[in-house]
Amino acid sequence: MKLRLRKIVVKHLGAVGPLECCCPSLRKYKPAAVSVLQCSDRHKSKMFVEQGSCSCPKSLEEKCDFSQFVHLMLNNKPHSFLDDVMVDAFRERITGEAEDLVANFFPKKLLELDHFLKDPILNIQELKDIHCEINLKVPDPILLTNSHDGLDAPNAKRRKMESEAEDDSCQVAGTKVFVIPGGMMKSNNKLVDLIEKVKPEIRTLIEKCNTVKMWVQLLIPRIEDGNNFGVSIQEETVAELRTVEGEAASYLDQISRYYITRAKLVSKIAKYPHVEDYRRTVTEIDEKEYISLKIIVSELRNQYVTLHDMILKNIEKIKRPRSSNTDALY
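The C-terminal position of the sequence shown is numbered 330 in UniProt numbering, with every residue numbered one higher than the one before it.
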(Lines of atoms letter the chains of each structure in order from A and count residues from 1; the text may use other names and numbers.)
(Lines give C-alpha, C1' and ligand atoms only; values in the text may rest on other atoms or scores of the structure.)
Protein backbone atom coordinates (compact mmCIF):
# COMPACT_ATOMS: atom_id res chain seq x y z
CA MET A 1 0.00 0.00 0.00
CA LYS A 2 1.15 3.51 -0.68
CA LEU A 3 1.91 5.84 2.13
CA ARG A 4 0.36 9.25 2.17
CA LEU A 5 2.29 12.42 2.98
CA ARG A 6 3.10 12.37 6.63
CA LYS A 7 4.95 14.77 8.87
CA ILE A 8 7.17 13.25 11.52
CA VAL A 9 8.31 15.60 14.23
CA VAL A 10 11.89 14.88 15.17
CA LYS A 11 13.18 16.84 18.16
CA HIS A 12 16.77 17.81 18.90
CA LEU A 13 17.94 17.27 15.32
CA GLY A 14 20.39 19.88 14.19
CA ALA A 15 20.87 19.50 10.45
CA VAL A 16 18.97 19.85 7.22
CA GLY A 17 19.42 17.96 4.00
CA PRO A 18 17.74 15.63 1.50
CA LEU A 19 16.95 12.07 2.53
CA GLU A 20 15.87 8.96 0.73
CA CYS A 21 13.31 6.47 1.92
CA CYS A 22 14.26 4.94 5.26
CA CYS A 23 12.11 1.83 4.89
CA PRO A 24 13.85 -1.57 5.12
CA SER A 25 12.88 -2.68 1.60
CA LEU A 26 14.51 0.22 -0.19
CA ARG A 27 15.81 -1.83 -3.12
CA LYS A 28 12.54 -3.64 -3.87
CA TYR A 29 10.12 -0.77 -3.68
CA LYS A 30 9.88 2.69 -5.09
CA PRO A 31 11.89 5.12 -2.90
CA ALA A 32 10.09 7.97 -1.26
CA ALA A 33 10.93 11.61 -1.54
CA VAL A 34 11.88 12.74 1.93
CA SER A 35 12.91 16.25 2.80
CA VAL A 36 13.99 17.78 6.07
CA LEU A 37 12.66 21.20 6.93
CA GLN A 38 13.99 23.26 9.80
CA CYS A 39 12.05 25.88 11.72
CA SER A 40 13.16 29.46 11.21
CA ASP A 41 13.23 30.01 14.97
CA ARG A 42 16.51 28.53 16.17
CA HIS A 43 15.31 28.41 19.79
CA LYS A 44 12.45 26.09 18.78
CA SER A 45 14.75 23.52 17.33
CA LYS A 46 12.35 21.06 15.72
CA MET A 47 12.81 19.21 12.48
CA PHE A 48 10.03 18.08 10.19
CA VAL A 49 10.52 15.09 7.95
CA GLU A 50 8.01 15.07 5.14
CA GLN A 51 7.71 11.69 3.48
CA GLY A 52 6.35 11.30 -0.02
CA SER A 53 4.53 8.34 -1.53
CA CYS A 54 6.18 4.96 -1.19
CA SER A 55 5.06 1.52 -2.34
CA CYS A 56 6.65 -0.13 0.67
CA PRO A 57 4.12 -2.37 2.42
CA LYS A 58 5.49 -1.47 5.83
CA SER A 59 3.98 1.55 7.48
CA LEU A 60 5.74 4.22 9.47
CA GLU A 61 4.44 5.74 12.67
CA GLU A 62 3.03 9.24 12.42
CA LYS A 63 5.22 10.45 15.25
CA CYS A 64 8.57 9.11 16.37
CA ASP A 65 11.16 10.38 18.77
CA PHE A 66 14.81 11.07 18.06
CA SER A 67 16.06 7.65 19.20
CA GLN A 68 13.66 5.80 16.88
CA PHE A 69 14.65 7.98 13.96
CA VAL A 70 18.34 7.41 14.63
CA HIS A 71 17.72 3.66 14.83
CA LEU A 72 16.04 3.69 11.42
CA MET A 73 18.81 5.77 9.91
CA LEU A 74 21.55 3.58 11.34
CA ASN A 75 19.97 0.43 9.95
CA ASN A 76 19.00 1.72 6.52
CA LYS A 77 21.07 4.81 5.68
CA PRO A 78 24.75 5.56 5.26
CA HIS A 79 26.36 7.12 8.27
CA SER A 80 27.23 10.35 6.44
CA PHE A 81 23.92 11.99 7.24
CA LEU A 82 24.09 11.14 10.92
CA ASP A 83 27.67 12.35 11.03
CA ASP A 84 26.54 15.69 9.63
CA VAL A 85 23.74 15.80 12.18
CA MET A 86 26.09 15.18 15.08
CA VAL A 87 28.67 17.68 13.81
CA ASP A 88 26.05 20.40 13.41
CA ALA A 89 24.67 19.64 16.86
CA PHE A 90 28.21 19.94 18.26
CA ARG A 91 28.68 23.27 16.49
CA GLU A 92 25.44 24.61 17.93
CA ARG A 93 26.41 23.49 21.43
CA ILE A 94 29.88 25.04 21.20
CA THR A 95 28.40 28.27 19.84
CA GLY A 96 25.94 28.56 22.70
CA GLU A 97 28.55 27.81 25.34
CA ALA A 98 31.15 30.18 23.89
CA GLU A 99 28.75 33.10 23.50
CA ASP A 100 27.61 32.64 27.10
CA LEU A 101 31.23 32.50 28.28
CA VAL A 102 32.16 35.75 26.55
CA ALA A 103 29.01 37.61 27.53
CA ASN A 104 28.48 36.38 31.10
CA PHE A 105 31.19 34.10 32.48
CA PHE A 106 34.27 36.19 31.67
CA PRO A 107 32.97 39.40 33.36
CA LYS A 108 31.81 37.42 36.39
CA LYS A 109 35.09 35.56 36.76
CA LEU A 110 37.29 38.65 36.45
CA LEU A 111 35.33 40.32 39.25
CA GLU A 112 35.73 37.22 41.42
CA LEU A 113 39.48 37.15 40.86
CA ASP A 114 39.76 40.87 41.53
CA HIS A 115 38.00 40.31 44.85
CA PHE A 116 40.29 37.35 45.56
CA LEU A 117 43.34 39.58 45.10
CA LYS A 118 42.10 41.68 48.02
CA ASP A 119 41.87 38.65 50.30
CA PRO A 120 44.16 38.81 53.37
CA ILE A 121 45.79 35.53 52.36
CA LEU A 122 47.27 37.30 49.31
CA ASN A 123 48.21 40.48 51.14
CA ILE A 124 50.64 39.35 53.81
CA GLN A 125 53.00 42.22 54.57
CA GLU A 126 55.74 40.30 56.36
CA LEU A 127 56.89 37.35 54.29
CA LYS A 128 58.28 35.70 57.39
CA ASP A 129 54.68 34.93 58.34
CA ILE A 130 54.58 32.25 55.65
CA HIS A 131 57.75 30.54 56.80
CA CYS A 132 57.45 26.93 57.88
CA GLU A 133 59.60 25.37 60.56
CA ILE A 134 61.89 22.64 59.31
CA ASN A 135 61.82 20.02 62.02
CA LEU A 136 65.27 18.63 61.29
CA LYS A 137 67.67 19.41 64.10
CA VAL A 138 71.42 19.06 63.89
CA PRO A 139 72.27 15.73 65.58
CA ASP A 140 75.04 15.32 68.09
CA PRO A 141 78.45 14.82 66.48
CA ILE A 142 79.95 11.35 66.46
CA LEU A 143 83.52 10.45 67.31
CA LEU A 144 85.79 9.38 64.48
CA THR A 145 89.35 8.14 64.56
CA ASN A 146 92.10 8.46 62.00
CA SER A 147 94.25 5.62 63.35
CA HIS A 148 95.02 2.52 61.33
CA ASP A 149 97.15 -0.53 61.85
CA GLY A 150 99.28 -0.56 58.71
CA LEU A 151 100.00 1.32 55.54
CA ASP A 152 99.94 -1.70 53.27
CA ALA A 153 96.23 -2.38 53.63
CA PRO A 154 94.13 -1.14 50.68
CA ASN A 155 91.80 0.77 52.96
CA ALA A 156 94.51 2.23 55.14
CA LYS A 157 93.65 5.81 54.22
CA ARG A 158 90.01 5.52 55.18
CA ARG A 159 88.73 7.05 58.36
CA LYS A 160 87.29 4.28 60.48
CA MET A 161 84.60 4.80 63.03
CA GLU A 162 85.55 3.64 66.52
CA SER A 163 82.97 3.19 69.24
CA GLU A 164 85.55 3.69 71.96
CA ALA A 165 88.14 6.25 70.86
CA GLU A 166 90.47 7.55 73.50
CA ASP A 167 93.76 9.02 72.39
CA ASP A 168 93.83 9.65 68.63
CA SER A 169 90.26 10.86 68.09
CA CYS A 170 88.57 13.92 66.60
CA GLN A 171 85.08 15.38 66.34
CA VAL A 172 83.19 15.86 63.06
CA ALA A 173 80.46 18.53 63.23
CA GLY A 174 77.54 16.90 61.48
CA THR A 175 76.04 13.63 60.26
CA LYS A 176 73.12 12.41 58.18
CA VAL A 177 69.60 12.33 59.57
CA PHE A 178 68.23 8.81 59.31
CA VAL A 179 65.01 9.31 61.28
CA ILE A 180 62.66 12.30 60.81
CA PRO A 181 60.68 13.32 63.90
CA GLY A 182 56.98 12.69 63.37
CA GLY A 183 57.60 10.21 60.56
CA MET A 184 57.25 12.74 57.70
CA MET A 185 58.56 16.14 56.75
CA LYS A 186 55.42 18.14 55.97
CA SER A 187 55.03 20.83 53.34
CA ASN A 188 54.35 24.49 53.99
CA ASN A 189 50.66 24.28 54.88
CA LYS A 190 50.01 27.97 54.22
CA LEU A 191 51.29 27.71 50.68
CA VAL A 192 49.55 24.38 50.11
CA ASP A 193 46.18 25.91 51.05
CA LEU A 194 46.80 28.85 48.72
CA ILE A 195 47.85 26.56 45.87
CA GLU A 196 44.68 24.49 46.28
CA LYS A 197 42.65 27.68 45.79
CA VAL A 198 44.59 28.85 42.74
CA LYS A 199 44.78 25.57 40.82
CA PRO A 200 41.00 25.32 40.10
CA GLU A 201 41.08 28.85 38.68
CA ILE A 202 43.93 27.89 36.35
CA ARG A 203 42.12 24.77 35.19
CA THR A 204 38.91 26.75 34.60
CA LEU A 205 40.71 29.29 32.41
CA ILE A 206 42.27 26.52 30.31
CA GLU A 207 38.92 24.80 29.75
CA LYS A 208 37.03 27.99 28.91
CA CYS A 209 39.74 29.22 26.55
CA ASN A 210 39.62 25.90 24.74
CA THR A 211 35.85 26.21 24.25
CA VAL A 212 36.03 29.78 22.94
CA LYS A 213 38.98 28.90 20.70
CA MET A 214 37.03 26.03 19.14
CA TRP A 215 34.06 28.35 18.57
CA VAL A 216 36.17 30.93 16.72
CA GLN A 217 37.90 28.23 14.67
CA LEU A 218 34.53 26.84 13.57
CA LEU A 219 33.53 30.33 12.40
CA ILE A 220 36.52 30.66 10.07
CA PRO A 221 35.22 30.39 6.48
CA ARG A 222 36.79 28.49 3.64
CA ILE A 223 39.96 29.85 2.09
CA GLU A 224 39.32 32.37 -0.69
CA ASP A 225 41.17 35.14 -2.50
CA GLY A 226 40.52 38.60 -1.13
CA ASN A 227 38.19 39.95 1.55
CA ASN A 228 40.17 38.21 4.28
CA PHE A 229 40.40 41.07 6.77
CA GLY A 230 37.78 39.50 9.01
CA VAL A 231 39.53 36.14 8.74
CA SER A 232 42.77 37.73 9.95
CA ILE A 233 40.90 39.05 13.00
CA GLN A 234 39.64 35.54 13.69
CA GLU A 235 43.16 34.16 13.40
CA GLU A 236 44.50 36.82 15.77
CA THR A 237 41.79 35.91 18.27
CA VAL A 238 42.62 32.21 18.01
CA ALA A 239 46.32 32.98 18.48
CA GLU A 240 45.58 35.04 21.59
CA LEU A 241 43.39 32.29 23.03
CA ARG A 242 46.08 29.72 22.33
CA THR A 243 48.69 31.92 24.04
CA VAL A 244 46.53 32.37 27.13
CA GLU A 245 45.85 28.64 27.24
CA GLY A 246 49.57 27.86 27.07
CA GLU A 247 50.47 30.39 29.75
CA ALA A 248 47.83 28.97 32.08
CA ALA A 249 49.22 25.47 31.55
CA SER A 250 52.71 26.77 32.41
CA TYR A 251 51.37 27.96 35.77
CA LEU A 252 50.57 24.35 36.66
CA ASP A 253 54.11 23.34 35.70
CA GLN A 254 55.45 26.09 37.92
CA ILE A 255 53.57 24.70 40.92
CA SER A 256 54.92 21.21 40.26
CA ARG A 257 58.47 22.54 39.99
CA TYR A 258 58.07 24.29 43.34
CA TYR A 259 57.21 21.04 45.09
CA ILE A 260 60.07 19.18 43.41
CA THR A 261 62.62 21.90 44.21
CA ARG A 262 61.54 22.14 47.82
CA ALA A 263 61.64 18.37 48.23
CA LYS A 264 65.21 18.25 46.95
CA LEU A 265 66.26 21.01 49.33
CA VAL A 266 64.67 19.28 52.31
CA SER A 267 66.48 16.09 51.30
CA LYS A 268 69.72 18.06 51.27
CA ILE A 269 68.95 19.35 54.76
CA ALA A 270 68.38 15.79 55.94
CA LYS A 271 71.68 14.77 54.39
CA TYR A 272 73.63 17.81 55.52
CA PRO A 273 71.77 19.15 58.58
CA HIS A 274 74.76 21.25 59.65
CA VAL A 275 74.66 23.40 56.47
CA GLU A 276 72.59 26.50 57.19
CA ASP A 277 72.41 27.69 53.58
CA TYR A 278 70.07 24.84 52.65
CA ARG A 279 67.65 25.89 55.38
CA ARG A 280 67.71 29.49 54.23
CA THR A 281 67.15 28.41 50.64
CA VAL A 282 63.92 26.65 51.63
CA THR A 283 62.54 29.84 53.16
CA GLU A 284 63.57 31.78 50.06
CA ILE A 285 61.78 29.25 47.85
CA ASP A 286 58.61 29.57 49.95
CA GLU A 287 58.68 33.37 49.72
CA LYS A 288 59.26 33.23 45.99
CA GLU A 289 56.35 30.83 45.49
CA TYR A 290 54.02 33.03 47.53
CA ILE A 291 54.84 36.04 45.36
CA SER A 292 54.47 33.93 42.22
CA LEU A 293 51.01 32.73 43.28
CA LYS A 294 49.86 36.31 43.77
CA ILE A 295 51.19 37.20 40.33
CA ILE A 296 49.41 34.17 38.84
CA VAL A 297 46.05 35.27 40.27
CA SER A 298 46.65 38.77 38.91
CA GLU A 299 47.52 37.36 35.48
CA LEU A 300 44.40 35.19 35.44
CA ARG A 301 42.26 38.24 36.08
CA ASN A 302 44.06 40.25 33.41
CA GLN A 303 43.65 37.47 30.86
CA TYR A 304 39.90 37.36 31.44
CA VAL A 305 39.76 41.13 30.99
CA THR A 306 41.86 41.02 27.82
CA LEU A 307 39.90 38.20 26.19
CA HIS A 308 36.54 39.73 27.05
CA ASP A 309 37.56 43.13 25.69
CA MET A 310 39.20 41.76 22.54
CA ILE A 311 36.31 39.49 21.56
CA LEU A 312 33.57 42.04 22.24
CA LYS A 313 35.36 44.74 20.23
CA ASN A 314 35.63 42.43 17.22
CA ILE A 315 32.51 40.32 17.69
CA GLU A 316 30.99 41.38 14.36
CA LYS A 317 34.07 40.41 12.36
CA ILE A 318 34.47 37.21 14.35
CA LYS A 319 30.92 36.08 13.60
CA ARG A 320 30.80 37.42 10.03
CA PRO A 321 34.37 37.68 8.72
CA ARG A 322 33.29 38.29 5.13
CA SER A 323 30.66 40.88 4.24
CA SER A 324 28.01 39.87 1.74
CA ASN A 325 28.01 43.19 -0.17
CA THR A 326 31.38 42.75 -1.85
CA ASP A 327 30.23 44.87 -4.80
CA ALA A 328 30.74 47.99 -2.70
CA LEU A 329 34.47 47.36 -2.80
CA TYR A 330 34.68 48.08 -6.53
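From the three backbone atoms N, C-alpha and C, an ideal C-beta is built for every residue, glycine too.
DSSP, reduced to helix, strand and coil, places Val138 outside both helices and strands of the structure shown, so it counts as coil. No residue range can be given for Arg320, since it is assigned to no alpha helix (DSSP H) and is classified by DSSP as neither H nor E.
For Glu126, no alpha helix (DSSP H) run applies, since DSSP gives it neither H nor E. Taking C-alpha positions only, Lys213 is separated from Gly96 by approximately 13 Å. Of all alpha-carbon atoms in Leu117, Val305 and Asp100, the one lying nearest the alpha-carbon of Ile295 is that of Leu117. With contact defined as three or more Cβ pairs closer than 8 Å, the segment 279-289 and the segment 203-218 are not in contact. Inclusion of Arg262 and Val282 in the CB contact set at 8 Å is warranted, their separation being smaller than that value.
Remark: C-beta atoms of Leu113 and Ala270 do not approach each other more closely than 8 Å. In this structure the segment 306-326 does not touch the segment 115-135; the number of beta carbon pairs closer than 8 Å is below three.
Sequence-distant Cβ neighbours of Val198 in its own chain, meaning closer than 7 Å and more than five residues away, are Leu293, Ile296 and Val297.
If you look at His308, you'll find it in the alpha helix (DSSP H) that goes Glu276 to Lys313. In this structure, the CA atom of Glu247 is about 35 Å from the CA atom of Val85. Comparing C-alpha distances from Glu99 to each of Glu276, Ile223, Ser232 and Thr211 shows the shortest one belongs to Thr211. DSSP places Asp225 in no alpha helix (DSSP H); its state is neither H nor E. For Asp277 and Ser267, the gap between their C-alpha atoms comes out near 13 Å.
Taking a cut-off of 8 Å on C-beta distances, the segment 226-234 touches the segment 313-325, as three or more cross pairs fall below it. Between Leu191 and Ile260, the gap from beta carbon to beta carbon reaches 8 Å or more. The DSSP-derived three-state label of Cys209 is helix. If you look at Glu112, you'll find it in the alpha helix (DSSP H) that goes Phe106 to Leu117. When the beta-carbon positions are compared, Lys208 and Leu101 come within less than 8 Å of each other.
Burial state of Pro221 is exposed, judged by a 10 Å Cβ sphere holding fewer than 16 other Cβ atoms. Between the alpha carbons of Val244 and Asp83 lies a distance of about 32 Å. Counting only the Cα atoms, Leu265 lies some 38 Å from Leu111.
The Cβ neighbour count for Ile124, taken over all protein chains shown within 10 Å, is under 16; the residue is labelled exposed.
Taking Val216 as reference, the option from Asp253, Lys186, Val238 and Asn189 with the minimal CA-CA separation is Val238.
In the three-state scheme derived from DSSP, where H, G and I count as helix and E and B as strand, Lys186 is classed as coil. Relative to Gln254, the option among Met310, Ile195, Lys109 and Asp225 whose CA is nearest is Ile195. Contact between Glu240 and Met310 is confirmed by a C-beta separation of about 6 Å, below the 8 Å threshold. Taking a C-beta distance under 8 Å as the contact criterion, Ile94 and Leu218 qualify as a contact pair. The beta-carbon separation of Lys317 and Gly230, rounded to 4 Å, stays under the 8 Å limit for a contact. The C-beta of Leu312 has fewer than 16 other C-beta atoms within 10 Å across all chains shown, which makes the residue exposed.
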